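A quick write-up on the structure given underneath.
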Amino acid sequence: MSLPPFEQVVETHGPTVLRVCRAMLGHHEAEDAWSETFIAALRAYPELDPHANVEAWLVTIAKRKAIDQHRSSARTPIPAVELPETAESPSDGYDDLWTAMKSLPAQQREAVAYHHLAGLPYAEIAEILGNSEAAARRASADGMKKLRAIYQGASR
Amino acid sequence: MNNVFAALPEFDADASRRLHARLVAAATDSGLLDVAYRTVDSPVGALLLAATDEGIVRVAFDCENHDDVLAALADRVSPRILRAPARLDAVARQLDEYFAGRRSAFDVVLDFRLSAGFRRAVLEQLRTIGYGKTASYAQVAEQAGNPKAVRAVGTACALNPLPLVVPCHRVVRSDGAAGNYRGGTQAKLTLLALEARQR
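Chains R and L supply the protein sequences, listed in that same order. The first sequence runs 1 to 156 under our numbering. The second sequence runs 157 to 355 under our numbering.
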């Protein structure tokens, strides 16, 4: 078994990784994180185990890039409201949702994004978060509950 | 509404296009784009064009299945492959001119890494057969330095990784029949007819 052309990786997983980046960072910073994720992935790609779960691998890189961006763009670990406007990434029309995501605690936000947007199983998510499968499942459920309350409250 | 993500589109076409272009630019700047490719339409069907830093490495016909060709390139050259049309603009333009009868020779740098040994020597020999001319498999074998290797010349032509730009279509059977072609016999006849008309 050998690695498929990287173009295929971008085509298959690019949209999902973008949604995860938006969920982690908000709409405007997501494209920088996506770009850094895929250039890092392209660099490391020839060494990737062909049997690896590519989506989990990409999400792990995206998480690292999102943390880097949090560090460089804000003093506070979870920027609550300030979303810098950038010209090259116009709104996708879901700013309310991304803002609501940002207000979740980090673990919940990640668990929700990895499970509900990337479709990763909780066993994989536990590996990325460094906790147990049960904890990952709980974080996701708590996050979804909170998200529904905030988001639906805000959009009424 | 149970799932707050239900309304989200699976795919944001504008963002995908923008991010893909940005990835290609960043990969090029960082020297990480090992193989760039694009497809072009032609009278002999869709053609896949692929290039490395060294030059054009592969031209493939539709009947070869472009996905299979890209998978083979990932295996033999590098999996760092992206669709990057701009890198292949020059050869795409020259192919257009060729098919329009306005070009009789290609001025592009070629990367011969996919063929070695005698097959490579045959390809070098093929480049000396001018537009509108033909040679027999036996003649090419002789010119490549091995008159007995007629079948090997046939194999080298059949496996030519750079058809059109390395004109294996100009090699025909001694009895005058066109013979086999990677893009199919019909494509070979089309090319020979095009060149005969323009000569």
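The beta-carbon is built from N, C-alpha and C at its ideal position, and this holds for glycine as well. All values reported here derive from a predicted model rather than from experimental measurement.
Item: First through last residue of the alpha helix (DSSP H) which encompasses R:ALA33; Value: 27-44
Item: Completely contained beta strand (DSSP E) runs for the region 218-244 of chain L, where each covers 3 or more residues; Value: 237-239
Item: Contact list for R:PRO15 against chain L, beta-carbon separation under 8 Å; Value: GLU166, PHE167, ASP168, SER172
Item: Length at least 3, wholly inside the region 232-320 of chain L: the beta strand (DSSP E) runs in chain order; Value: 237-239
Item: Contact residues within the region 231-248 of chain L, judged by C-beta distance below 7 Å to chain R; Value: ASP231, SER234, PRO235, ARG236, ILE237, LEU238, ARG239
Item: Helix, strand or coil at R:LEU97 [DSSP, three-state]; Value: helix
Item: Expected contact under 8 Å - CB spacing of L:ILE212 and L:VAL247 to nearest Å; Value: 6 Å
Item: L:ARG145 - DSSP class collapsed to helix/strand/coil; Value: Given a span of 157 to 355 for chain L in the structure shown, any question on residue 145 of chain L remains unanswerable.
Item: Beta-carbon proximity list for L:CYS324, same chain, < 7 Å, skipping 5 on both sides; Value: LEU282, CYS313, ASN316
Item: Status (buried if at least 16 other CB within 10 Å, exposed otherwise) for L:GLY335; Value: buried
Item: Distance, L:ASP218 Cα to L:GLY201 Cα; Value: 6 Å
Item: Within-8 Å CB hit, R:VAL10 to chain L; Value: yes
Item: Nearest residue (CA-CA) to R:HIS28, options R:TYR94, R:ILE61, R:PRO46; Value: R:TYR94
Item: Exposure of L:GLY187, with buried meaning 16 or more beta-carbon neighbours within 10 Å; Value: exposed
Item: Which residues DSSP lists as bridging L:ALA153, in chain order; Value: In this structure chain L extends from 157 to 355, so residue 153 of chain L is not present and cannot be described.
Item: L:ARG232 versus L:LEU270 - alpha carbon distance; Value: 8 Å
Item: Boundaries (first-last residue) of the beta strand (DSSP E) holding L:ASP160; Value: Sequence check: residue 160 of chain L is Val here, not Asp. Note, L:VAL160: premise wrong, no beta strand (DSSP E); not H, not E.
Item: For L:VAL191, the residue or residues it bridges with in DSSP; Value: L:ILE237
Item: Length of the line joining the Cα atoms of R:SER103 and R:ILE128; Value: 21 Å
Item: Limits of the unbroken alpha helix (DSSP H) element including R:GLU110; Value: 106-112
Item: Burial state of L:THR346 (16 or more Cβ within 10 Å); Value: buried
Item: C-alpha distance - R:TRP57 paired with R:ALA100, whole-angstrom precision; Value: 26 Å
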